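Take a look at the structure below.
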Amino acid sequence: MNIVKVKDYKALSEEAFSLFKSVISASSAPVIGFATGSSPVGLYELICYDYIKNGASYKDMTTFNLDEYVGLDVSSDQSYIYFMKHNLFDHIDVNPKNINIPNGIAPDIEKECKRYSALLASSSIDLQILGIGANGHIGFNEPNTPFTSTTHKVKLTDKTIQDNSRFFDDIEQVPKYAITMGITEIMNAKKILILANGKNKAKAVFDMVKGPVSESCPASILRRHPDAVLIADEDACSLL
Ligand code: F6R
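Position 18 of the sequence shown, counted from 1, bears residue number 21 in my numbering, the numbering being contiguous throughout.
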């Protein structure tokens, strides 16, 4: 894993944008895997700026999001599709037909997982953007998820519910289940970019980079990827 240590969140976002832009520029029809959460928000602002101020076009980009809460859709401001529209998709010229994200309100969630998995199998992600959970999760692949997993429904751990409750009025409102891309599908991306900032990520970053490659830390598998880049600030690197 290639590690790029930067001073702070602003530098992390700028570094991530420059890597993102190099992938976008290398293809006439780039396929990007996006993550939600706070880690990529600065990157998304720079992509919006690139479209609004620099006139860059993203109309030929296809997107795949990592995950979605079960039970939420775009009408909920806590859904991941809402997050993506609000932070990125509504501000650039991406074609809505090219946006892919698991449907959290599908009547049959197992069937929806299979549909999304088949879609991923028929595509090839050029760049997968990831945040990392404080417990080492990637997507919603919690500790002890098999490395062989494909898109599936997960029960969120108490730690993840606790971490994500900051976005909800009340911890009781945090959904208990999600649909997530599996670890195999994440690893199939040609390039992976992991973003980590803040002291609360230091232990997870240490386990990912220096700990054993083990299902107890899902992110540790990323060390086996031929082209994975971690961009992390000084706080997130403080235990390395
Ligand atoms: C988001 C996702 C999660 C987050 C992770 C870090 O789509 O799949 O794995 O990337 O929980 O979240 P933040 O960036 O909010 O610290």
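Note that beta-carbon positions come from the ideal geometry of N, C-alpha and C, so glycine has one too.
Quick caveat: nothing in here was measured; it's all calculated off a predicted structure.
Outcome for residue i when other beta-carbon atoms lying within 10 angstroms are tallied against a minimum of 16
| i | result |
| --- | --- |
| H89 | exposed |
| G142 | buried |
| Y52 | exposed |
| T153 | buried |
| L15 | buried |
| S120 | buried |
| E175 | exposed |
| P43 | buried |
Reference residue i, options the options, closest by Cα
| i | options | result |
| --- | --- | --- |
| K114 | S127, K156 and F150 | K156 |
| D129 | I189, L242 and A207 | I189 |
| G2 | N57, I132 and G58 | The question about residue 2 has no answer, for the chain in this structure spans 4 to 243. |
| A38 | N68, Y47, S21 and K10 | N68 |
| A231 | I195, S60 and I50 | I195 |
| P178 | E71, A137 and K10 | E71 |
| G74 | F150, T66 and Y180 | Y180 |
| E145 | I112, G45, D63 and I224 | I224 |
| G201 | I164, C240, G214 and Y61 | C240 |
| H140 | E18, D161 and L123 | D161 |
| S82 | G58, F20 and I108 | I108 |
| I102 | L242, V212 and P33 | P33 |
Nearest-angstrom Cα separation, counted from residue j out to residue i
| i | j | result |
| --- | --- | --- |
| A235 | A199 | 5 Å |
| K204 | K24 | 26 Å |
| L233 | R226 | 10 Å |
| I104 | V77 | 11 Å |
| S217 | I197 | 18 Å |
| Y12 | S41 | 11 Å |
| S219 | P110 | 32 Å |
| Y54 | I95 | 6 Å |
| A29 | F92 | 21 Å |
| M64 | K158 | 31 Å |
| N57 | I84 | 26 Å |
| S168 | D238 | 23 Å |
| I182 | S127 | 20 Å |
Closer than 7 Å: residue i CB and nearest the ligand ZN heavy atom
| i | result |
| --- | --- |
| S25 | For the structure depicted, the ligand ZN is absent and the ligand set comprises only the ligand F6R. |
(request) Collect the residues with a C-beta less than 5 Å away from any heavy atom of the ligand F6R and give them in sequence order along the chain. (result) Output, sorted by chain position: A38, T39, G40, S41, S42, L69, D70, G134, G136 and G142.
(request) Can you check the segment 44–119 for any alpha helix (DSSP H) of at least 4 residues that lies completely inside it and give the ranges in chain order? (result) 44–55 and 83–90
(message) Extract the residue ranges of the alpha helix (DSSP H) inside the segment 179–238, only unbroken runs of 4 or more that lie entirely within it.
(response) 186–190 and 205–213
(request) Give, in chain order, every unbroken run of the alpha helix (DSSP H) that is at least 4 residues long and sits entirely within the segment 141–178. (result) Complete alpha helix (DSSP H) runs here, min 4: 161–167.
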